[in-house]
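The block underneath contains the structure these notes are about, expressed in structure tokens.
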Amino acid sequence: MASTWGHLSMRVDNGSGPVDNSSCFSATQSTVLKGVYFGGVPIVLLMNFVIFVVLLIVFTLIRRRLWDYGRLALIAETEGFRDANKQRNTRLRSSMSAEEDCETDVCACVCVCSETLVQERCGVDAVHYLSFQKHLVILLLLICVLSVTIILPVNLSGDLLGNDPYSFGRTTIANLKKGDLLLWLHTVFAVLYLMITVALLRRHTSKLKGTKREIARNTLFVRDVPTAASNETIKVHFTEAYPTCQVTDVNLCYDVAKLIDLDRNRIRAEKNLRHYNKILEYQGRREVINPRPCSHLCCCCSQCKGCEGVDAIEYYRSQEAALREEENKQKENKELHPLGMAFVTLQNECMATYILKDFNALKCGGGARGVVGEQMGGGIGCGCGREPQPSSKSAELRVNKWKVNYAPHPHNIYWENLSVHGWRWWLRFLLLNTALFFLLFFLTTPSIIISTIDKFNVTKPINYLNSAVISQFFPTLLLWTFSALLPTVVYYSTLGEAHWTRSSENMSMMYKLYTFLIFMVLILPSLGLTSLDVFFRWLFDKQSVRQLRFECVFLPDQGAFFVNYVIAAALVGSAMELLRLPGLLLYIVRLAVAHSAAERKYVKQNQAYEFEYGAMYGWTLCVFTVIMAISVCVITLTHGVMCAGLLYLLLKHLVDKHNLYFAYLPARLDRQVHLGAVNQALAAPIICLMWLYFFSVIRTGFMTATSLFTLVVLCVTIFICISYTCFGHFKYLSPHNYNVSCFVLSEFYPNLQCIVVI
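In the UniProt record's numbering, the protein residues as written are 1 to 758.
Next comes the structure, spelled out in structure tokens:
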């Protein structure tokens, strides 16, 4: 990209020479990513809006034609989610009544739907997620007002980049001269934005931690139990070691993955058999089916040899009988493989907390909590040389090796994945993530496609067109497409890791997706790198000529690329999430390969899925980080990216609220998933400070006052965040971490049962 900076004498205090930006944006001198007037933002906005309207029309047509897409599944599955004390028929009528009422005016229902109604319909996790988005909207609104009213006029007051009204760079910090005292304003505002972010996220965290739990935590999950242990032995140990605590139930875990699969297939066969029995009962005829995939789509299948039809009732009856027989064999098998795990249920939560405190090693090892699925939320083991309360069975059960934690909600556990543990789980985890890393190693950004096209000089004629459609719209749309496909790849790789709980699965998905998206969307395009391959060669290859530099991050016109990306994510991305095209295509494929009408009915009743909070958190936080990182001063038009970001979050909030209410099943996750998203959001203002520091160093040098001040604030912020998040320090500064917990202390203090702990 040609830039005015190429003609400026940018000599910093460290003795570097003039900056040559000819290598920026593409190592292969791409002719596609060239600048146009005002970064092409107006044209890109118009084209994305047209696509947004077209996708909304398509969504309306699909909603009218395929009205039962996911709706039958929601009615069927949400029955088990409502209050158990309500009558089933009442719930069914209220569910369908609410569905019909909201269908009449979807927009009004989404906009005015209260938190109580959302919690009843979608669960408390949906309330936390939508509240998080609301706080981000308020945060961006405040930052947008401050940036437009104060920072933008300051940037326009400079004259370093001329007075051309169509120049995109005039609205950036690049328009201010070196040594201008107004540069301090950007540093102060970056720190102010950090403080506002912390304050608003703290408010959201207080609401999140103040939510009452749905169930009492009176069950403990114990790992590393000897496989030869019995229920009675474990119960005797707890009774002797903790005489004031009453154990009500002990359940050992076995490898039941195959049994769960058989039971799922048997239930499906029973439903299919029930469907055709009802046809025989009410219509008096026996249906004939062709049990081959896509047989109902082929009109001549019944005439082919080997494709003759079979009686539907007999087919599914024999299938159900075979599955039931195999399932009974598995249940009667007395050699089920024990997993060395147990669920111990106490009489109340106070007793469970007292026992857990006896195994507590947090004060010795810090406050970090594991997030990988094999840890079931981060098990607490006995550490620092201390032993838990002994009993006559302690040596036999090897109690000092136990890892104990609160048991997750039963609906939060993947029971079939409990058999994957130990070295097998870690081997699977490492292999999948290594493969994922190498897969994205060369395909991290779409710039590699553009640079490959340039090798054949096919874009030379396009260069003379100087069109915003070519130079800005297609690259940003391509970047959004790649970033939209990335969650699918990360999602299936996370499923393959066999996490024990949905919470750990969502946290792993959120962290991985956020990391890859930040590299794809923000870091590598800013540096002009085409992929992680070029990034590591630039980082570690000492013999090659280093033509890729941080100056590329701060080109005046480069901000248009990110503004256009946020616009594409806001309009095209929100419309595609509303359309849910991948889910619709999967729905059509499953209907096509179904063997019979009964199986197609089963597909319709099981089409709805749980909302992927991990993927949605990662996607939202990526765009939020891009907005925050470039909002203050570093590379882009301040009010442009802030307004586009505000539009993105508003549309994202409305679309997610619609999908949560109408399209997805409620999920049950641990609070740690939402707290993890809050911690991840703090990375946005930190990256903003990093961008500001790099700019200050490149523009003014290492030893200037603005650079040193920004460096000190950045280091202190990173130190506090790492200490708080990873090691549990500084938690005494937050009143949210103080709560009243009940413990059965001992027979010496029978009346003292509640103390305040951190």
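Ideal placement from N, C-alpha and C gives every residue a C-beta, glycine not left out. These numbers were taken from a predicted model, which means no experiment stands behind them.
Can the beta-carbon of residue i be found closer than 7 angstroms to that of residue j?
| i | j | result |
| --- | --- | --- |
| L140 | G645 | yes |
| L430 | S493 | no |
| A598 | H275 | yes |
| M628 | A568 | no |
| V225 | A342 | yes |
| V127 | Q133 | no |
| L486 | V626 | no |
| F221 | N405 | yes |
| N251 | Y316 | no |
| S696 | S707 | yes |
| N218 | A321 | no |
Considering just the uninterrupted stretch of the alpha helix (DSSP H) at residue i, what are its terminal residues?
| i | result |
| --- | --- |
| Y254 | Note, Y254: premise wrong, no alpha helix (DSSP H); beta strand (DSSP E) at V247 to Y254. |
| Y583 | Correcting the residue identity first, residue 583 is Gly in this sequence and not Tyr. That run of the alpha helix (DSSP H) goes L581 to V593. |
| W184 | L183 to K209 |
| I518 | R502 to I518 |
| H499 | Premise fails: H499 is in no alpha helix (DSSP H) and is neither H nor E. |
| L571 | Careful: L571 lies outside any alpha helix (DSSP H) and carries neither H nor E. |
| T353 | E349 to D358 |
| V124 | V124 to L146 |
DSSP on residue i, reduced to helix/strand/coil?
| i | result |
| --- | --- |
| G422 | coil |
| N405 | strand |
| P243 | coil |
| I630 | coil |
| L660 | helix |
| E396 | helix |
| R600 | helix |
| T710 | helix |
| L432 | helix |
| D311 | strand |
| T704 | coil |
| T227 | coil |
| L61 | helix |
| L669 | coil |
| E387 | coil |
| E287 | coil |
| E332 | helix |
| E610 | strand |
| A98 | The predicted position of A98 is uncertain, since its pLDDT is 46 and thus under 50; no value can be drawn from it. |
| F437 | helix |
Report the option in the options whose CA atom is closest to the CA atom of residue i.
| i | options | result |
| --- | --- | --- |
| F189 | R203, V154 and I260 | V154 |
| T717 | V198, L651, E120 and V148 | V198 |
| K258 | S696, N417, S596 and L665 | N417 |
| I630 | C726, I62, I518 and V572 | I518 |
| A667 | E612, I150 and L585 | E612 |
| A395 | T233, H595, I523 and Q119 | T233 |
| L201 | E287, A681, E327 and E332 | A681 |
| L45 | A570, I143, V603 and S707 | A570 |
| V191 | S723, Y693, F238 and A126 | Y693 |
| F516 | L621, A598, A575 and M703 | L621 |
| A615 | F727, S504 and L585 | S504 |
| Y511 | I698, H674 and N231 | H674 |
| I57 | S707, I267, E314 and V572 | V572 |
| N400 | W426, D358, N412 and P408 | D358 |
| G123 | C688, Y664 and S696 | Y664 |
| C688 | Y514, F624 and G583 | F624 |
| L427 | G496, V490 and L439 | G496 |
| G340 | A322, E281, A269 and S419 | S419 |
| M509 | L432, E577 and I267 | L432 |
| L669 | S574, Q246, I720 and N412 | N412 |
| L714 | C144, L183, T434 and M195 | M195 |
| Y129 | Y587, C721 and V655 | V655 |
Need the endpoints of the beta strand (DSSP E) that residue i sits in, please.
| i | result |
| --- | --- |
| G340 | P338 to L346 |
| V222 | T219 to R223 |
Is residue i close to chain C, meaning its C-beta is less than 7 angstroms from at least one C-beta of that chain?
| i | result |
| --- | --- |
| I313 | In the structure shown, chain C does not exist; there is a single protein chain. |
Flag residue i as yes when its Cβ comes closer than 6 angstroms to any non-hydrogen atom of the ligand NAD, and as no otherwise.
| i | result |
| --- | --- |
| L581 | Of ligands this structure carries none, so the ligand NAD is not represented either. |
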